[in-house]
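Residue numbering for the sequence shown follows the working numbering, beginning at 4 and increasing consecutively. Here's the structure, in structure tokens; my notes come after.
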Amino acid sequence: MPELSSFEQDHEKFRDDFIAYIHLAGLNDEARIRNILDRSVKGEVREWYRREFENKNWELQNVLNNSAIGATIAHICGANAVAITRAVASFPNVLLGLTGADIIPTRGLDENWKIAGGRPTNAVPVTPNAGGGVPIILAGIRSGQRLDHIKNHFPSTDRYLRMFEIGALKQEAHESVSSYWAKILKYGNQLGYSNAQKKTAFMSRVRKDIKEEIYRIG
Numbered sequence: 004m005p006e007l008s009s010f011e012q013d014h015e016k017f018r019d020d021f022i023a024y025i026h027l028a029g030l031n032d033e034a035r036i037r038n039i040l041d042r043s044v045k046g047e048v049r050e051w052y053r054r055e056f057e058n059k060n061w062e063l064q065n066v067l068n069n070s071a072i073g074a075t076i077a078h079i080c081g082a083n084a085v086a087i088t089r090a091v092a093s094f095p096n097v098l099l100g101l102t103g104a105d106i107i108p109t110r111g112l113d114e115n116w117k118i119a120g121g122r123p124t125n126a127v128p129v130t131p132n133a134g135g136g137v138p139i140i141l142a143g144i145r146s147g148q149r150l151d152h153i154k155n156h157f158p159s160t161d162r163y164l165r166m167f168e169i170g171a172l173k174q175e176a177h178e179s180v181s182s183y184w185a186k187i188l189k190y191g192n193q194l195g196y197s198n199a200q201k202k203t204a205f206m207s208r209v210r211k212d213i214k215e216e217i218y219r220i221g
């Protein structure tokens, strides 16, 4: 069973390994998967994991409860682009032309809640048709949602994002160019940087000897 026990670990590799482990075991029961996930997080990461998820619910910052599409999140997930566009005011920060399935991931382990703005919250559940124009809040936090949050908000990720924003994420002395460029792509994409901005960030923070070689080659 894969384990996540240190903030220095590659948390994305843990996520991928965990998903592969569950698929190989042929498990599809959420309660069992959650139990395995809870047991796989250990050491110094355990307290962070508990603080992030214990007794919390899942808020959708970009999906409000007044779309009139349906009474459940499944109704929204099944809505076509026309229905979503018609209720555009209920989907702040969501691009036009998306379907409900683009916004709300189908249940699984490899889920992406970025468009919906999924995040843990202490607030009580809010149903999709409650009205009032506030974010929908789903009861509890399932395994797929936890894994998505680990991928995007693990402490090392947040630290690197902040460093990237302020120009402090520089190429380390013994870090390869490919490894550093992969970081630029990863965190630049998460922050919505254009290709030109990512190239500028790379050139301004890459090691001096590498930069000189790039300029020499042209």
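Beta carbons: idealized from backbone N, C-alpha and C, even for Gly. Keep in mind the model is a prediction, meaning the values are calculated, not measured.
7 Å Cβ cutoff met for residue i and residue j
| i | j | result |
| --- | --- | --- |
| Lys45 | Ser70 | no |
| Val297 | Ile213 | Residue 297 is absent from the model: the chain starts at 4 and stops at 221. |
| Pro102 | Asn83 | Per the sequence shown, residue 102 should be read as Thr rather than Pro. Yes, the Cβ-Cβ distance between Thr102 and Asn83 is below 7 Å. |
| Asn60 | Ala142 | yes |
Inter-residue Cα distance where the pair is residue i and residue j
| i | j | result |
| --- | --- | --- |
| Met4 | Phe205 | 37 Å |
| Leu194 | Leu67 | 23 Å |
| Glu178 | Ala185 | 11 Å |
| Thr75 | Ala133 | 10 Å |
| Val137 | Val209 | 44 Å |
| Thr227 | Gly81 | In the structure displayed, the chain extends from 4 to 221; residue 227 sits before or after that span and is not available. |
| Asn38 | Ile25 | 12 Å |
| Glu230 | Arg49 | This structure cannot speak to residue 230, because the chain is shown only from 4 to 221. |
| Ala104 | Arg110 | 11 Å |
| Arg145 | Phe56 | 10 Å |
| Lys117 | Lys211 | 35 Å |
| Gly170 | Ser197 | 16 Å |
| Ala148 | Met166 | Ala is not the amino acid found at residue 148; the sequence shown has Gln there. C-alpha separation (whole angstroms): 26 Å. |
| Ala92 | Val85 | 13 Å |
Assigned exposure category for residue i - 16 Cβ within 10 Å defines buried
| i | result |
| --- | --- |
| Gly191 | buried |
| Glu215 | exposed |
| Ile217 | exposed |
| Pro108 | buried |
| Gly29 | exposed |
| Ser182 | exposed |
| Val127 | exposed |
| Leu172 | buried |
| Ile106 | buried |
| Leu3 | The chain is shown from 4 up to 221; residue 3 falls before or after that span and cannot be answered. |
| Leu27 | exposed |
One or two residues paired with residue i in a DSSP bridge
| i | result |
| --- | --- |
| Asn115 | The partner list for Asn115 (beta bridge, DSSP) is empty, contrary to what the question assumes. |
| Val44 | Leu7 |
| Asn60 | Thr124 |
| Leu141 | Trp61 |
| Val91 | Paired residues: none, contrary to the question. |
| Leu67 | Pro138 |
Close-in-space but distant-in-sequence residues of the same chain around residue i (CB under 8 Å, 5 per side omitted)
| i | result |
| --- | --- |
| Arg18 | Leu150, Ile153 and Lys154 |
| His14 | Leu7, Ile153, Lys154, Phe157, Ser159 and Thr160 |
| Asn120 | One detail in the question is off: residue 120 reads as Gly in this sequence, not Asn. Glu62, Leu63, Gln64, Asn65, Val66, Asn96 and Pro138. |
Close beta carbons around residue i, own chain, < 7 Å, minus the five adjacent residues each side
| i | result |
| --- | --- |
| Lys201 | Ile187, Leu188 and Gly191 |
| Ile36 | Ile25, Leu30 and Ser146 |
Contact set for residue i: own chain, Cβ-Cβ below 6 Å, skip 5 residues either direction
| i | result |
| --- | --- |
| Phe21 | Pro5 |
| His78 | Ile72 |
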